[in-house]
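Down below is the structure, laid out as structure tokens.
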Amino acid sequence: MKILKFVSGLVLSCLMLIACGGKEEKKKEGFTYENTETTKTETVAKDADVETVVLVGTDLMKFDITEIRVKAGKKVKLTLRHKGKLDINVMGHNFVLLNQGVDLASFAAKAATSKDNKYIPKGSEQDVIAHTDVIGGGQTTTIEFDAPAAGTYDFLCSFPGHYMMMKGAFIVE
């Protein structure tokens with residue numbers, strides 16, 4: 018009986034060591050793997066005349082960055098990518114850049130009821146500097162606009178309920 022317990026313990030210990038050992042990450046064929054960690058320097062590419070910004074949204078209601086820096090007077094080319102899988106009606110995302118002084122919460126409340134206008138409230142043209150279309154999982158959209166005067170501006174996703182987690186500072190230097 019002692020030998021059976023000893024052998025069982027030895028086998029169990031060996032299995033635990035094998036299971037916890039340094040195993041290589043196996044990747045399935047036909048799938049693309051990429052690093053989802055981005056830094057500010059990877060996200061904003063500088064050009065003499067155009068500032069290129071890539072902003073990524075997910076099904077977890079998050080933008081990959083919460084701060085965007087550009088130079089005043091430059092043309093901004095902003096690409097919004099939705100890396101999720103959920104449908105536009107369930108987890109749509111957009112990018113809305115607001116003028117200084119616009120109350121984020123009240124704008125978002127009005128936007129939530131503006132589905133027919135891409136979640137941009139009618140009559141709020143003076144509040145919005147630029148915005149993208151609403152996109153769903155796997156989609157991408159790009160806009161170009163002139164950077165406003167130097168200062169800090171708010172940006173958000175105006176899809177209902179998203180602005181609390183999907184917002185940031187657009188800093189013009």
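Numbers in my numbering are just positions in the sequence shown, counted from 1, shifted up by 17. Note that beta-carbon positions come from the ideal geometry of N, C-alpha and C, so glycine has one too.
Distance CB(residue i)-CB(residue j) smaller than 7 Å
| i | j | result |
| --- | --- | --- |
| Thr-158 | Asp-150 | yes |
| Leu-114 | Ala-166 | no |
| Gly-178 | Gly-101 | no |
| Val-189 | Val-87 | yes |
| Cys-174 | Met-181 | no |
| Asp-144 | Asn-116 | yes |
| Ala-164 | Lys-79 | no |
Proximity winner among the options, relative to residue i (alpha-carbon distances)
| i | options | result |
| --- | --- | --- |
| Asp-171 | Gly-109, His-110, Val-93 and Ile-85 | Ile-85 |
| Val-126 | Asn-116, Pro-138 and Leu-103 | Strictly speaking, residue 126 in this sequence is Ala, with Val absent from that position. It is Pro-138. |
| Val-93 | Thr-130, Leu-72, Leu-103 and Val-119 | Leu-72 |
| Phe-176 | Ser-141, Glu-142, Tyr-136 and Gly-140 | Tyr-136 |
Residue i, buried or exposed, once every other Cβ within 10 Å from all chains shown has been counted against 16
| i | result |
| --- | --- |
| Ile-152 | buried |
| Lys-43 | With a pLDDT of only 45 at Lys-43, under 50, the local geometry of the prediction cannot be trusted, and no value is derived from it. |
| Asn-106 | exposed |
| Gly-109 | buried |
Boundaries of the alpha helix (DSSP H) in which residue i is found, first to last residue
| i | result |
| --- | --- |
| Val-151 | Here Val-151 belongs to no alpha helix (DSSP H), and DSSP marks it neither H nor E. |
| Val-107 | 105 to 108 |
Rounded C-alpha distance that separates residue i from residue j
| i | j | result |
| --- | --- | --- |
| Gly-185 | Thr-75 | 15 Å |
| Thr-69 | Thr-96 | 8 Å |
| Thr-83 | Thr-169 | 12 Å |
| Thr-130 | Phe-124 | 11 Å |
| Leu-103 | Gln-156 | 10 Å |
The beta strand (DSSP E) enclosing residue i, as first and last residue numbers
| i | result |
| --- | --- |
| Leu-115 | 113 to 115 |
7 Å Cβ cutoff, residue i in contact with chain C
| i | result |
| --- | --- |
| Val-67 | In the structure shown, chain C cannot be found, because there is only a single protein chain. |
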